[in-house]
Amino acid sequence: MAASSSRVPSPGWLLAAHCALLLALAGAGAARGHPPALSSTFYDASCPGAHDVVRRVIQDARVSDPRIPASLIRLHFHDCFVNGCDGSLLLDDDLPAIRTEKTVPANNNSARGFPVVDGIKRALEAACPGIVSCADILALAAEISVEISGGPSWRVLLGRRDGTKTNVESANNLPSPFDSLDKLQQKFRNVNLDDTDLVALQGAHTFGKVRCQVTRENCTAGQPEGTLENLDQVTPNVFDNKYYGNLLHGQAQLPSDQVMLSDAAAPATTAPIVHRFASNQKDFFGNFVASMIKMGNISPLTERDGEIRKNCRRVNSKGY
């Protein structure tokens, strides 16, 4: 989708975007006979303290590991892009039935934060056993991670259930740091996300770290492989729009980030959106929220589909 069709937020952008998505998703589901849309009030009666529990565990983990917020939002991304937002990324190997997605190239030695997810699950099971899914934990953790790092907040749509299988083949096709712009666009289109979603969601690279071997410099002289670099060297632990300024100065760490400005097709697609977000943080925040809600609704399991895992690493039938 060309940049001319990008979302432009109004003064009430957050409430309007949220309400419009809720209405559209509910209407579409009802028209097709699908389960009801996810709801921001899903746990209000069954586990009213769920958000506070998740927030507390993340805050505690962040004290000793400032990278945790960026790591947790990445888990939500990489979960939703494979099988939809069903917690499949959290499953460990249980061969022959389950092959973990954790060791595919896009996740191996880079997807992290699983012990924190385990801690959140234990705390929620103590507070309200068998109620909150692992897939919803990832969605809540992503929003809280953004908000406590200086970014926007939003009411997360909830009600996902957990999948009982993985999809390693699909996980092998996750967005890569080395993807060209057309490959990135196709991977996002495959899950019904457009160019504005692509540019907005890539903005999550405004915090966190990355191994130097996947950066554009591919480790500088004397750096051992595996050395960590800040994705945003201006405000590395803050969720803001400085990432887009880095792109404008040709200083993006990842090749797949810089192509949104440098690719031959970028001027007609992603580059105008990069410029918008670089000059207007409110614009970025509003579109990021809308894109996160949209991404979080990729093929969720609801009602009687899937299960509520007792242990995010194992399906319930294994007795764990």
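For reference, each letter of the sequence shown is one residue, going -33 to -1, 1 to 287 in mature numbering (1 follows the signal peptide of the UniProt record, and there is no 0). All C-beta atoms in this analysis are idealised placements derived from N, C-alpha and C, irrespective of residue type, glycine included.
Remark: fewer than three beta-carbon pairs, one from each stretch, lie closer than 8 angstroms, so the stretch 171 to 189 and the stretch 85 to 93 are not flagged as touching. Across the set F48, S77, K69 and R280, the C-alpha of S77 shows the shortest separation from the C-alpha of T194.
Annotation: R79 to A37 spans about 10 angstroms, alpha carbon to alpha carbon. In this structure, the beta-carbon distance from D149 to A232 falls below 8 angstroms. The closest CA to that of T133, considering only S31, N50 and D230, is found on N50. Under the three-state reduction of DSSP output, I87 falls in the helix class.
Bridge pairing for D129: E274 [DSSP]. One Cα belongs to G170, the other to N204, and the distance between them is close to 13 angstroms. DSSP links V177 through a beta bridge to E196. In terms of Cα proximity to F155, the closest of P267, A12 and S258 is S258. Across the set K249, L228 and Q248, the C-alpha of L228 shows the shortest separation from the C-alpha of P239. According to DSSP, D61 shares a beta bridge with I65. The continuous alpha helix (DSSP H) containing L105 extends over residues C101 to I115. Between R127 and T8, the beta carbon gap of about 14 angstroms keeps them out of contact (Cβ cut-off 8 angstroms). With a cutoff of 8 angstroms on beta-carbon distance, Y211 and L125 are scored as not near each other. Under the criterion of beta carbons closer than 8 angstroms, D53 and P267 qualify as touching, at roughly 7 angstroms. Note that the C-beta distance between L5 and N264 is below 8 angstroms.
For the stretch 16 to 48, the continuous alpha helix (DSSP H) assignments of 4+ residues that do not extend past its boundaries occur at 17 to 31 and 35 to 47, in sequence order.
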